[in-house]
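K.L.:
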Amino acid sequence: MIDKKTIPEIYNATIELGDKSSEYLPFSTDITLQENMVDQLFQLIPWIKGAKNQLAQTGTGEKANKFLYLQSTIYALISLLKCIINIKKNNYQQAWMDVIDAEEYIALGIRLAPEPEFIMYLSQHREMIEKTMFPKIPIYSSLGSIVRGGKCNLCLSNYENCDHIEGIIYKGKMCRIIDQTNLRVNHTALVKNPRDRRCIPLEMENSNNKMEDIFTKIERDISEEELKSKGQNGFLINFIAFNNQRIDTD
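Numbered according to my numbering, the sequence shown spans residues 1 to 250.
This is the structure:
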(Lines of atoms letter the chains of each structure in order from A and count residues from 1; the text may use other names and numbers.)
(Lines give C-alpha, C1' and ligand atoms only; values in the text may rest on other atoms or scores of the structure.)
Protein backbone atom coordinates (compact mmCIF):
# COMPACT_ATOMS: atom_id res chain seq x y z
CA MET A 1 0.00 0.00 0.00
CA ILE A 2 1.11 3.56 -0.61
CA ASP A 3 1.78 5.88 2.31
CA LYS A 4 -1.23 8.12 1.78
CA LYS A 5 -4.81 7.47 0.74
CA THR A 6 -7.87 9.67 0.69
CA ILE A 7 -10.91 8.60 2.67
CA PRO A 8 -12.82 7.62 -0.52
CA GLU A 9 -9.81 5.57 -1.66
CA ILE A 10 -9.71 3.74 1.68
CA TYR A 11 -13.44 3.09 1.48
CA ASN A 12 -13.24 1.73 -2.08
CA ALA A 13 -10.16 -0.41 -1.33
CA THR A 14 -11.93 -1.93 1.68
CA ILE A 15 -15.07 -2.77 -0.29
CA GLU A 16 -13.01 -4.27 -3.12
CA LEU A 17 -10.83 -6.48 -0.91
CA GLY A 18 -13.78 -7.45 1.30
CA ASP A 19 -15.69 -8.70 -1.74
CA LYS A 20 -12.62 -10.52 -3.07
CA SER A 21 -11.83 -12.17 0.28
CA SER A 22 -15.31 -13.71 0.50
CA GLU A 23 -14.32 -15.87 -2.49
CA TYR A 24 -11.65 -17.49 -0.27
CA LEU A 25 -14.11 -18.69 2.39
CA PRO A 26 -14.90 -22.11 0.86
CA PHE A 27 -13.16 -24.87 2.80
CA SER A 28 -11.51 -26.30 -0.32
CA THR A 29 -9.55 -23.08 -0.95
CA ASP A 30 -5.79 -23.56 -0.61
CA ILE A 31 -4.67 -22.78 2.94
CA THR A 32 -1.70 -20.68 1.81
CA LEU A 33 -4.00 -18.49 -0.28
CA GLN A 34 -6.30 -18.10 2.72
CA GLU A 35 -3.40 -17.14 4.99
CA ASN A 36 -2.20 -14.58 2.44
CA MET A 37 -5.70 -13.10 2.28
CA VAL A 38 -5.78 -12.78 6.08
CA ASP A 39 -2.53 -10.81 5.89
CA GLN A 40 -3.96 -8.50 3.22
CA LEU A 41 -7.10 -7.89 5.27
CA PHE A 42 -5.09 -7.08 8.39
CA GLN A 43 -3.22 -4.42 6.41
CA LEU A 44 -6.52 -2.60 5.85
CA ILE A 45 -7.26 -2.12 9.57
CA PRO A 46 -4.85 0.81 10.24
CA TRP A 47 -6.17 2.60 7.14
CA ILE A 48 -9.78 2.11 8.22
CA LYS A 49 -9.06 3.31 11.76
CA GLY A 50 -7.17 6.33 10.47
CA ALA A 51 -10.09 7.36 8.25
CA LYS A 52 -12.55 6.68 11.07
CA ASN A 53 -10.62 8.82 13.56
CA GLN A 54 -10.30 11.65 11.04
CA LEU A 55 -14.05 11.61 10.43
CA ALA A 56 -14.74 11.49 14.18
CA GLN A 57 -12.69 14.65 14.66
CA THR A 58 -13.97 16.64 11.71
CA GLY A 59 -17.35 15.20 10.79
CA THR A 60 -20.43 13.59 12.22
CA GLY A 61 -20.63 10.36 14.14
CA GLU A 62 -22.65 8.82 11.32
CA LYS A 63 -19.71 8.93 8.89
CA ALA A 64 -17.30 7.55 11.49
CA ASN A 65 -19.77 4.77 12.29
CA LYS A 66 -19.76 3.74 8.63
CA PHE A 67 -16.04 3.03 8.95
CA LEU A 68 -16.62 1.10 12.19
CA TYR A 69 -18.98 -1.02 10.10
CA LEU A 70 -16.21 -1.57 7.54
CA GLN A 71 -13.77 -2.39 10.35
CA SER A 72 -16.18 -4.94 11.87
CA THR A 73 -16.83 -6.52 8.48
CA ILE A 74 -13.12 -6.91 7.70
CA TYR A 75 -12.49 -8.38 11.16
CA ALA A 76 -15.40 -10.79 10.61
CA LEU A 77 -13.84 -11.95 7.34
CA ILE A 78 -10.46 -12.34 9.06
CA SER A 79 -12.05 -14.39 11.84
CA LEU A 80 -13.92 -16.66 9.43
CA LEU A 81 -10.80 -17.30 7.37
CA LYS A 82 -8.73 -17.94 10.50
CA CYS A 83 -11.41 -20.35 11.72
CA ILE A 84 -11.18 -22.41 8.53
CA ILE A 85 -7.38 -22.29 8.59
CA ASN A 86 -7.28 -23.51 12.19
CA ILE A 87 -9.73 -26.32 11.46
CA LYS A 88 -7.42 -27.47 8.65
CA LYS A 89 -4.52 -27.39 11.13
CA ASN A 90 -6.56 -29.35 13.72
CA ASN A 91 -6.46 -26.34 16.09
CA TYR A 92 -10.10 -26.79 17.02
CA GLN A 93 -10.11 -24.80 20.25
CA GLN A 94 -8.67 -21.72 18.52
CA ALA A 95 -11.02 -22.26 15.58
CA TRP A 96 -13.93 -22.09 18.02
CA MET A 97 -12.60 -18.80 19.39
CA ASP A 98 -12.40 -17.51 15.82
CA VAL A 99 -15.99 -18.43 14.97
CA ILE A 100 -17.22 -16.66 18.13
CA ASP A 101 -15.09 -13.60 17.29
CA ALA A 102 -16.80 -13.59 13.89
CA GLU A 103 -20.21 -13.83 15.55
CA GLU A 104 -19.50 -10.77 17.70
CA TYR A 105 -18.02 -8.72 14.85
CA ILE A 106 -21.02 -9.57 12.67
CA ALA A 107 -23.44 -8.59 15.45
CA LEU A 108 -21.71 -5.22 15.71
CA GLY A 109 -21.71 -4.82 11.94
CA ILE A 110 -25.44 -5.52 11.74
CA ARG A 111 -26.06 -2.66 14.18
CA LEU A 112 -24.26 -0.27 11.84
CA ALA A 113 -24.84 -1.65 8.34
CA PRO A 114 -26.09 0.96 5.85
CA GLU A 115 -26.96 -1.94 3.55
CA PRO A 116 -27.21 -5.30 5.37
CA GLU A 117 -26.93 -7.78 2.47
CA PHE A 118 -23.19 -8.51 2.73
CA ILE A 119 -23.02 -8.70 6.53
CA MET A 120 -26.10 -10.95 6.57
CA TYR A 121 -24.38 -13.21 4.03
CA LEU A 122 -21.40 -13.46 6.40
CA SER A 123 -23.78 -14.19 9.29
CA GLN A 124 -25.38 -17.08 7.40
CA HIS A 125 -21.97 -18.41 6.37
CA ARG A 126 -20.73 -18.24 9.96
CA GLU A 127 -23.79 -20.12 11.23
CA MET A 128 -23.20 -22.80 8.60
CA ILE A 129 -19.57 -23.20 9.71
CA GLU A 130 -20.57 -23.53 13.37
CA LYS A 131 -23.32 -26.07 12.65
CA THR A 132 -21.30 -28.25 10.28
CA MET A 133 -17.73 -27.96 11.59
CA PHE A 134 -18.27 -28.05 15.35
CA PRO A 135 -20.26 -30.18 17.79
CA LYS A 136 -23.25 -28.69 19.56
CA ILE A 137 -21.89 -27.30 22.82
CA PRO A 138 -24.30 -28.49 25.56
CA ILE A 139 -23.26 -26.17 28.40
CA TYR A 140 -20.98 -23.23 29.08
CA SER A 141 -19.18 -21.82 32.08
CA SER A 142 -20.38 -18.52 33.51
CA LEU A 143 -18.65 -16.60 36.29
CA GLY A 144 -20.61 -14.53 38.75
CA SER A 145 -18.48 -11.58 39.77
CA ILE A 146 -18.55 -8.13 41.29
CA VAL A 147 -16.53 -5.53 39.39
CA ARG A 148 -15.77 -2.05 40.62
CA GLY A 149 -13.63 0.68 39.17
CA GLY A 150 -12.22 0.83 35.68
CA LYS A 151 -11.86 3.53 33.07
CA CYS A 152 -13.85 4.52 30.01
CA ASN A 153 -11.92 3.61 26.86
CA LEU A 154 -13.18 6.76 25.12
CA CYS A 155 -12.31 9.53 27.57
CA LEU A 156 -10.01 7.54 29.93
CA SER A 157 -11.86 8.96 32.94
CA ASN A 158 -13.07 6.76 35.79
CA TYR A 159 -16.13 5.09 34.27
CA GLU A 160 -18.32 5.95 37.24
CA ASN A 161 -17.65 9.66 36.64
CA CYS A 162 -17.93 9.88 32.83
CA ASP A 163 -20.99 10.45 30.65
CA HIS A 164 -20.44 7.54 28.25
CA ILE A 165 -22.51 4.35 28.47
CA GLU A 166 -20.96 0.90 28.03
CA GLY A 167 -22.00 -0.73 24.75
CA ILE A 168 -23.11 2.52 23.08
CA ILE A 169 -21.28 3.63 19.92
CA TYR A 170 -19.85 7.14 19.86
CA LYS A 171 -18.31 8.45 16.62
CA GLY A 172 -16.98 5.12 15.39
CA LYS A 173 -16.00 3.57 18.73
CA MET A 174 -17.97 1.48 21.19
CA CYS A 175 -17.72 2.40 24.86
CA ARG A 176 -15.99 -0.24 26.98
CA ILE A 177 -14.74 -0.36 30.54
CA ILE A 178 -10.98 -0.97 30.66
CA ASP A 179 -8.30 -1.32 33.34
CA GLN A 180 -10.63 -3.02 35.79
CA THR A 181 -8.57 -4.01 38.81
CA ASN A 182 -11.20 -4.62 41.49
CA LEU A 183 -12.70 -7.95 40.40
CA ARG A 184 -14.15 -10.44 42.85
CA VAL A 185 -15.55 -13.79 41.68
CA ASN A 186 -18.33 -15.11 43.90
CA HIS A 187 -19.55 -18.19 42.02
CA THR A 188 -19.28 -20.29 38.86
CA ALA A 189 -22.34 -21.67 37.09
CA LEU A 190 -23.04 -24.00 34.16
CA VAL A 191 -25.48 -22.38 31.74
CA LYS A 192 -26.93 -22.90 28.27
CA ASN A 193 -27.01 -19.23 27.25
CA PRO A 194 -23.82 -17.58 28.50
CA ARG A 195 -22.64 -14.04 28.05
CA ASP A 196 -19.41 -15.34 26.49
CA ARG A 197 -19.60 -18.47 24.31
CA ARG A 198 -15.83 -18.88 24.44
CA CYS A 199 -16.15 -20.45 27.91
CA ILE A 200 -16.70 -24.02 26.78
CA PRO A 201 -16.00 -27.51 28.16
CA LEU A 202 -12.84 -28.93 26.61
CA GLU A 203 -13.32 -32.44 27.98
CA MET A 204 -16.28 -34.23 29.55
CA GLU A 205 -16.57 -37.56 31.33
CA ASN A 206 -18.53 -39.96 29.15
CA SER A 207 -20.50 -43.17 29.75
CA ASN A 208 -17.30 -45.21 29.34
CA ASN A 209 -15.81 -43.44 32.37
CA LYS A 210 -13.29 -41.76 30.10
CA MET A 211 -12.53 -38.10 29.46
CA GLU A 212 -13.74 -37.26 25.95
CA ASP A 213 -12.48 -34.30 23.91
CA ILE A 214 -15.41 -32.02 23.08
CA PHE A 215 -14.22 -31.48 19.49
CA THR A 216 -12.54 -34.73 18.40
CA LYS A 217 -14.33 -37.24 20.69
CA ILE A 218 -10.93 -38.82 21.39
CA GLU A 219 -10.95 -40.52 24.80
CA ARG A 220 -8.31 -40.67 27.50
CA ASP A 221 -8.09 -42.31 30.90
CA ILE A 222 -9.09 -40.31 33.95
CA SER A 223 -6.04 -39.54 36.09
CA GLU A 224 -5.78 -40.48 39.76
CA GLU A 225 -5.71 -36.80 40.68
CA GLU A 226 -8.95 -36.22 38.77
CA LEU A 227 -10.56 -39.22 40.47
CA LYS A 228 -9.64 -37.82 43.89
CA SER A 229 -11.27 -34.49 43.06
CA LYS A 230 -14.47 -36.19 41.90
CA GLY A 231 -17.29 -36.45 44.42
CA GLN A 232 -19.29 -39.61 45.00
CA ASN A 233 -21.92 -38.62 42.46
CA GLY A 234 -19.70 -36.19 40.62
CA PHE A 235 -19.15 -35.64 36.94
CA LEU A 236 -15.80 -34.49 35.58
CA ILE A 237 -15.60 -31.56 33.16
CA ASN A 238 -12.55 -29.53 32.13
CA PHE A 239 -13.71 -26.01 31.29
CA ILE A 240 -12.43 -22.71 30.02
CA ALA A 241 -13.76 -21.00 33.13
CA PHE A 242 -12.88 -17.41 32.25
CA ASN A 243 -11.96 -15.46 29.15
CA ASN A 244 -10.80 -11.86 28.91
CA GLN A 245 -10.51 -11.75 25.12
CA ARG A 246 -12.60 -9.00 23.54
CA ILE A 247 -13.14 -7.97 19.94
CA ASP A 248 -11.58 -4.74 18.68
CA THR A 249 -14.23 -2.00 18.76
CA ASP A 250 -11.84 0.98 19.01
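Glycine residues also receive a C-beta, built at the ideal position from the N, C-alpha and C atoms.
#1: Taking the Cβ atom as the reference point for each residue, do residue 51 and residue 171 lie within a distance shorter than 7 angstroms?
#2: Would you kindly report the start and end of the unbroken alpha helix (DSSP H) that includes residue 101?
#3: DSSP puts residue 187 in a beta bridge; with which residues?
#4: Measuring only the C-alpha atoms, how far is residue 2 from residue 30?
#5: What does DSSP give as the partner residues of residue 152 in its beta bridges?
#6: Taking the alpha carbon of residue 249 as the point to measure from, which residue in 121, 48, 216 and 9 has its own alpha carbon closest?
#7: With burial defined as no fewer than 16 other Cβ atoms inside 10 Å of the residue's Cβ, what is the status of residue 73: buried or exposed?
#8: State the Cα-Cα distance for the pair residue 85 and residue 35, rounded to the nearest angstrom.
#9: How is the beta strand (DSSP E) around residue 115 delimited, first residue to last?
#10: So what does DSSP say about residue 237, is it helix, strand or coil?
#11: Look at the alpha carbon of residue 251 and the alpha carbon of residue 83, and state the distance between them as a whole number of angstroms.
#12: Once DSSP output is grouped into helix, strand and coil, what is the label at residue 121?
#13: Would you kindly work out how many angstroms separate the C-alpha atoms of residue 9 and residue 19, rounded to a whole number?
#14: How far does the alpha helix (DSSP H) with residue 62 in it reach, from first residue to last?
#15: Give me, in chain order, the residues of the same chain whose beta-carbon lies closer than 6 angstroms to that of residue 187; leave out the 5 immediate sequence neighbours on both sides.
#16: Hey, how far is the Cα of residue 103 from the Cα of residue 4?
#17: Taking three-plus beta-carbon pairs below 8 angstroms as touching, is the region 173 to 186 in contact with the region 218 to 229?
#18: What first and last residue would you give for the beta strand (DSSP E) that runs through residue 202?
#19: Cβ of residue 110 within 6 angstroms of any heavy atom in the ligand NAP?
P.N.:
If we stick to the structure as given:
#1: As a position in the sequence shown, residue 51 is number 51, starting the count at 1. As a position in the sequence shown, residue 171 is number 171, starting the count at 1. No. Outside cutoff.
#2: Reading the sequence shown from its first residue, position 101 is the one you call residue 101. In the DSSP assignment, residue 101 falls within the unbroken alpha helix (DSSP H) covering 92 to 112.
#3: Within the sequence shown, the letter at position 187 stands for residue 187. In DSSP, residue 187 forms a bridge with 144.
#4: In the sequence shown, the residue the question calls residue 2 occupies position 2. In the sequence shown, the residue the question calls residue 30 occupies position 30. Its pLDDT being 47, under 50, residue 2 is placed unreliably by the model, and the measurement read from it follows with that caveat. Distance between the alpha carbons of residue 2 and residue 30 is about 28 angstroms.
#5: Working through the sequence shown from its first residue, we reach residue 152 at position 152. Under DSSP, residue 152 forms a beta bridge with 177.
#6: Position 249 of the sequence shown, counted from the first residue, corresponds to residue 249. That would be 48, whose Cα lies nearest to the Cα of residue 249.
#7: Start at 1 with the first residue of the sequence shown, and residue 73 comes out as number 73. Counting Cβ neighbours within 10 Å, residue 73 comes out buried, since at least 16 surround it.
#8: As a position in the sequence shown, residue 85 is number 85, starting the count at 1. As a position in the sequence shown, residue 35 is number 35, starting the count at 1. Computed Cα separation, rounded: 7 angstroms.
#9: As a first step, residue 115 is located in the sequence shown; it is residue number 115 there, counting from the start. Counting along the chain, residue 115 sits inside no beta strand (DSSP E), nor does DSSP assign it H or E at all.
#10: As a first step, residue 237 must be located in the sequence shown, where it is residue number 237. Three-state result, residue 237: strand.
#11: This structure does not reach residue 251, given that the chain is present from 1 up to 250, and the question cannot be answered.
#12: For the purposes of this step, residue 121 is taken as residue 121 along the sequence shown, with counting starting at 1. Three-state DSSP puts residue 121 in a helix.
#13: Your numbering for residue 9 matches position 9 in the sequence shown. Your numbering for residue 19 matches position 19 in the sequence shown. Cα to Cα, residue 9 sits roughly 15 angstroms from residue 19.
#14: As a position in the sequence shown, residue 62 is number 62, starting the count at 1. Where residue 62 is concerned, the enclosing alpha helix (DSSP H) starts and stops at 61 to 88.
#15: Within the sequence shown, numbered from 1, the residue matching residue 187 stands at position 187. The answer, listed in chain order, is 144.
#16: Position 103 of the sequence shown holds residue 103. Position 4 of the sequence shown holds residue 4. The straight-line gap from Cα to Cα measures roughly 32 angstroms.
#17: With a cut-off of 8 angstroms, the region 218 to 229 and the region 173 to 186 do not count as touching, because too few Cβ pairs lie within range.
#18: Indexing the sequence shown from 1 puts residue 202 at position 202. Note, residue 202: beta strand (DSSP E), 201 to 205.
#19: Annotation note on the ligand NAP: not contained in the displayed structure, which lists no ligands.
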